[in-house]
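Once you know that position 435 of the sequence shown is 435 in the UniProt record's numbering, the rest is easy, because the numbers rise by one and skip nothing.
C-beta: ideal position from N, C-alpha, C; glycine also.
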Amino acid sequence: MSNPAQKTAANTAENTLADIVSHAKEYGFVFPSSEIYDGLAAVYDYGPNGVELKNNLKQLWWKAMTQLNQNVVGIDAAIFMHPLTWKASGHVDGFSDPLIDNLDSKKRYRADVLIEEKAAEYENAGDKPRADALLAEMGRLLTAEDLAGVKQLILDEKILCPISKTANWTDVRQFNLMFSTQVGAVAGDSSQIYLRPETAQGIFVNFLNVQKSARQKVPFGIAQIGKAFRNEIVARQFIFRMREFEQMEMQFFVRPGTEGEWYEHWKATRRRWHEVMGLPAEKLRFHDHDKLAHYAKAAVDIEYEFPFGFKEIEGIHSRSDFDLTQHQTLSRKKQQYFDNDVNPETGKPYGNYVPYVVETSVGADRLFLATLCQAYQEETITEGEQTKTRKFLKLHPAVAPVKAAIFPLVKKDGLPDKANEIYNALRHDFRLVVEEKDSIGTRYTRQDLIGTPFCIAVDHQTLEDDTVTVRHRDSREQTRMPISELRGYIGEAVSLSRIFEQL
Ligand code: GAP
Numbered sequence: 001m002s003n004p005a006q007k008t009a010a011n012t013a014e015n016t017l018a019d020i021v022s023h024a025k026e027y028g029f030v031f032p033s034s035e036i037y038d039g040l041a042a043v044y045d046y047g048p049n050g051v052e053l054k055n056n057l058k059q060l061w062w063k064a065m066t067q068l069n070q071n072v073v074g075i076d077a078a079i080f081m082h083p084l085t086w087k088a089s090g091h092v093d094g095f096s097d098p099l100i101d102n103l104d105s106k107k108r109y110r111a112d113v114l115i116e117e118k119a120a121e122y123e124n125a126g127d128k129p130r131a132d133a134l135l136a137e138m139g140r141l142l143t144a145e146d147l148a149g150v151k152q153l154i155l156d157e158k159i160l161c162p163i164s165k166t167a168n169w170t171d172v173r174q175f176n177l178m179f180s181t182q183v184g185a186v187a188g189d190s191s192q193i194y195l196r197p198e199t200a201q202g203i204f205v206n207f208l209n210v211q212k213s214a215r216q217k218v219p220f221g222i223a224q225i226g227k228a229f230r231n232e233i234v235a236r237q238f239i240f241r242m243r244e245f246e247q248m249e250m251q252f253f254v255r256p257g258t259e260g261e262w263y264e265h266w267k268a269t270r271r272r273w274h275e276v277m278g279l280p281a282e283k284l285r286f287h288d289h290d291k292l293a294h295y296a297k298a299a300v301d302i303e304y305e306f307p308f309g310f311k312e313i314e315g316i317h318s319r320s321d322f323d324l325t326q327h328q329t330l331s332r333k334k335q336q337y338f339d340n341d342v343n344p345e346t347g348k349p350y351g352n353y354v355p356y357v358v359e360t361s362v363g364a365d366r367l368f369l370a371t372l373c374q375a376y377q378e379e380t381i382t383e384g385e386q387t388k389t390r391k392f393l394k395l396h397p398a399v400a401p402v403k404a405a406i407f408p409l410v411k412k413d414g415l416p417d418k419a420n421e422i423y424n425a426l427r428h429d430f431r432l433v434v435e436e437k438d439s440i441g442t443r444y445t446r447q448d449l450i451g452t453p454f455c456i457a458v459d460h461q462t463l464e465d466d467t468v469t470v471r472h473r474d475s476r477e478q479t480r481m482p483i484s485e486l487r488g489y490i491g492e493a494v495s496l497s498r499i500f501e502q503l
């Protein structure tokens, strides 16, 4: 039985997520896809502020990978790939979820998620050993592909359908998560292709093209940002689990035997990156996989504490030579690298080998959601006699959609012209807006809600001495400064080197 205190905590978490979802829609960050047709489940569109925030996050990842590491280069591979790619990668045969239907409610569930929820119930009730034992048993059954055993576990645990409250379950069966379509005019098996379920394979099949053209020596990495598609059954929690989403992946090719140290290196580097980007250390944790994906030899998630609990935002995977060897077999093209560094043990070059791979894979949408959850603030402030709640997004200036808003105090006396003059002087460096409408307080509020770090007020004194008032989003403090100092001041706050020097 759930205890009332936990229920309240869970409800509060849901409320917070609901607040964030409605904030994201109202202020142009995220809209449900094709909303005028009542939307499409687990598909979302990014609005004017959302696309700026997402692009800024992606740019920070891209630069951290390709600009800070001479041995990491980028590519942009196509979404469609030769169908054998997915046979080789194991996705045709192994990329599936165990599903179960409830015959009374006609609802479909992921069997593993039902069991995980039951384990979470035990853990919340203080019985962690029972939760761990249940998860271990599920892991064992899934690894052994014993789907009848998984169903029996659901029955033994008396897990009921949340809708019908019955245990009238079908058998468990595997359901492939890849979307398929036809290429060309003639339908049939030979023309079936897939929408990529991960960007990684576009990197693997280009391994030698990139290594040779970019003249890279192992160890080196290939980075890519792109869309991926999965027919997720449990599509919940807003943009956390989508059917069309974006990944930022980096495959790091290493000499066999060195993968352990590179795995540790990228694990630490990527966690540090999230901290530097503004996700606090106490809201991040590592979670080692109990159940490894078909390609992985070791895998860890970096989890962030969302309002709905700690959940994965990034995976670090030691993939051995699985992918390159598979592609070598199915394409019949050698995927080997000649390493002419001398092996101190033999005194001879290491020679030809298929490199091992350590992968870092972060979802751009999950990073976006974590950033939004972290930034969303509600504080009680007193203005004169009044106490009110101020909502604002405490985004790092480098990722904020608008860096500064310029407000002429009144719509006359040449103040709008002066505001536009400042805008024109700075627009090549920063994304700015000029706002004339409404009271200055209302304009501050509007910018707070989208996370603009600075508001620049242009008043009559500006016309006399070329100074403006800069209002700071987080402290609401105001500083008077010469217009000539604005570029340096905003530039310092949004500087990527300020972020990167902490890495
Ligand atoms: N190449 C390895 C790979 O794809 P993954 O753990 O399946 O590994 C990596 O996915 C990351 O992609 C996850 O950590 C998550 O951030 C993101 N991701 C995966 N499925 C997603 C989905 N349905 N919606 C949004 N993001 C997703």
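In the three-state DSSP reduction, I75 falls in the coil class, being neither helix nor strand.
Counted as a single uninterrupted DSSP element, the beta strand (DSSP E) harbouring C455 occupies residues 454-458. The C-alpha of T16 is placed about 27 Å away from the C-alpha of K165. Per DSSP, the unbroken beta strand (DSSP E) holding R471 starts and ends at 467-472.
Taking the Cβ of V494 as the reference point, every heavy atom of the ligand GAP lies at 7 Å or farther away. A heavy atom of the ligand GAP is found nearer than 7 Å to the CB of Q247. For S331, the enclosing alpha helix (DSSP H) stretches over residues 322-331. DSSP places N424 in the helix class (H, G or I) of the three-state scheme. By the Cβ-count criterion, A228 is buried, with 16 or more other Cβ atoms from all chains shown falling within 10 Å of its own Cβ. Within the same chain, and ignoring the five residues on either side of M248 in sequence, the residues whose Cβ sits closer than 7 Å to its Cβ are K58, W61, I225, V362, A364. For the ligand GAP, a non-hydrogen atom lies closer than 7 Å to the CB of A200. Residue pairing by DSSP puts L393 in a beta bridge opposite Y376.
The closest CA to that of F322, considering only T380, A200, K348, Q502, is found on A200. For K227, no alpha helix (DSSP H) encloses it; the enclosing beta strand (DSSP E) starts and ends at 220-229.
With a contact defined as Cβ atoms closer than 8 Å, W273 and A64 qualify at about 6 Å. Annotation: V51 is outside any beta strand (DSSP E); the continuous alpha helix (DSSP H) that includes it extends over 48-66.
Following the DSSP letters along the chain, one finds Y295 in no alpha helix (DSSP H), marked with neither H nor E. A distance criterion of 7 Å places the beta-carbon of M178 beyond contact range of the ligand GAP, judged by its closest non-hydrogen atom. In this structure, DSSP gives D156 a helical state, which the three-state scheme calls helix. Going by beta carbons, K87 and L432 fall outside the 8 Å limit.
Pairing R230 with F175, the inter-Cα distance amounts to about 11 Å.
Counting only runs that start and end inside the stretch 222-291, the beta strand (DSSP E) elements of at least 3 residues fall at 244-254, 284-288. The beta carbons of L68 and F500 sit closer together than 8 Å.
Under DSSP, H317 takes part in a beta bridge, and its partners are A299, E359. Within 10 angstroms of the beta-carbon of P197 lie 16 or more other beta-carbons, which makes it buried.
According to the DSSP assignment, D341 belongs to the beta strand (DSSP E) that extends over 337-343.
E312 has its CB nearer than 7 Å to a heavy atom of the ligand GAP.
Burial state of K418 is buried, judged by a 10 Å Cβ sphere holding 16 or more other Cβ atoms.
Counting along the chain, I193 sits inside the beta strand (DSSP E) bounded by residues 192-194. Across the set Q461, E485, L84, D459, the C-alpha of E485 shows the shortest separation from the C-alpha of A425. The beta carbon of M277 sits no closer than 7 Å to any heavy atom of the ligand GAP. H91 is classed as buried because its beta carbon has at least 16 other beta carbons within 10 Å across all chains shown.
Proximity of the stretch 376-383 to the stretch 257-264 falls short of the contact definition, fewer than three beta-carbon pairs being nearer than 8 Å. L103 carries a coil assignment under DSSP once its states are collapsed to helix, strand and coil. Taking every protein chain shown into account, the CB of F29 has 16 or more other CB atoms within 10 angstroms, so this residue is buried. Within the model, the alpha-carbon separation for P416 versus E436 is close to 7 Å.
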